[in-house]
Amino acid sequence: MASKINVKVGETPFEIAQQFLGSAPVDLLGMADALGIDVNMHADMCDPQASGSIRRLPNGRYFIEVNGNDFDLRRRFTLAHELAHYILHRDIIDQRALVDDAMWRSGAGEQIEYQANRMAADLLMPAGLVRTLWNAGVENVSVIARTFQASEAAARIRLEQLGLLPPAWV
Ligand SMILES: [Zn+2]
49 MASKINVKVG ETPFEIAQQF LGSAPVDLLG MADALGIDVN MHADMCDPQA
99 SGSIRRLPNG RYFIEVNGND FDLRRRFTLA HELAHYILHR DIIDQRALVD
149 DAMWRSGAGE QIEYQANRMA ADLLMPAGLV RTLWNAGVEN VSVIARTFQA
199 SEAAARIRLE QLGLLPPAWV
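Using the numbering used here, the first residue of the sequence shown is number 49, and each one after it goes up by one.
In structure tokens form, the structure reads like this:
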């Protein structure tokens, strides 16, 4: 008999996240909710330069804070970055928050931040969806950026990563 619940017992966070990558803009808050993560998108950060943070609460749930002073698209990227930390690195996140600075570096190490940024790009602009749109004729950085609620700079980098645009610096 088919189950009516969307989140099935035993599904990994990665599998849960993937269910949100089929439509643009990706519902990152819905993803956080499905993962059981509480989110404050308008946080008053202890360090005003911090982009965001993630910590484990005493009750075992996780909590993401995003700097409320940042502009919308930047906060959206920060949320994706912190969700990526949860999906990839929750085993190293404890009750002391992992806090990302203005460049999304936390002191957890370069490799950790590189992984989080790569996955954040995947969550914001899923490769399959971007390619589908591009191949359907939406070959316009501004339109792609608006569709995914990303900055034009981020959209350009993503299109370069996916080989749809030539690298700007060549
Ligand atoms: Zn980070």
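Built from N, CA and C at the ideal position, the CB exists for glycine as well. Computed from a predicted structure; not experimentally measured.
Item: CB-CB under 7 Å to P174, same chain, minus the five flanking residues each way: which ones, in chain order?; Value: L69 and V74
Item: Relative to the alpha-carbon of R166, which residue among H129, A82, A201 and E63 has its alpha-carbon at the smallest distance?; Value: H129
Item: Taking its Cβ as the centre, do 16 or more other Cβ atoms sit within 10 Å of I192, making it buried, or is it exposed?; Value: buried
Item: Do you know how far the Cα of R104 is from the Cα of V189?; Value: 37 Å
Item: Which one of P214, F125, I64 and A80 has the shortest CA to CA distance from F111?; Value: A80
Item: Tell me which same chain residues have a C-beta within less than 7 Å of the C-beta of M49, skipping the five on either side of it?; Value: Any reading at M49 must be qualified, since the residue scores a pLDDT of 45, below 50, and its modelled position is unreliable; the value itself is stated next. Excluding sequence neighbours, M49 sits near nothing in its chain.
Item: Tell me whether A72 counts as near ligand 1, meaning its Cβ is closer than 7 Å to at least one heavy atom of that ligand.; Value: no
Item: So what does DSSP say about R109, is it helix, strand or coil?; Value: coil
Item: In whole angstroms, what is the alpha-carbon distance linking I140 and G185?; Value: 42 Å
Item: Report yes if the CB atom of L177 is closer than 8 Å to the CB atom of L76, and no otherwise.; Value: no
Item: Would the beta-carbon of E113 be found less than 7 Å away from any heavy atom of ligand 1?; Value: no
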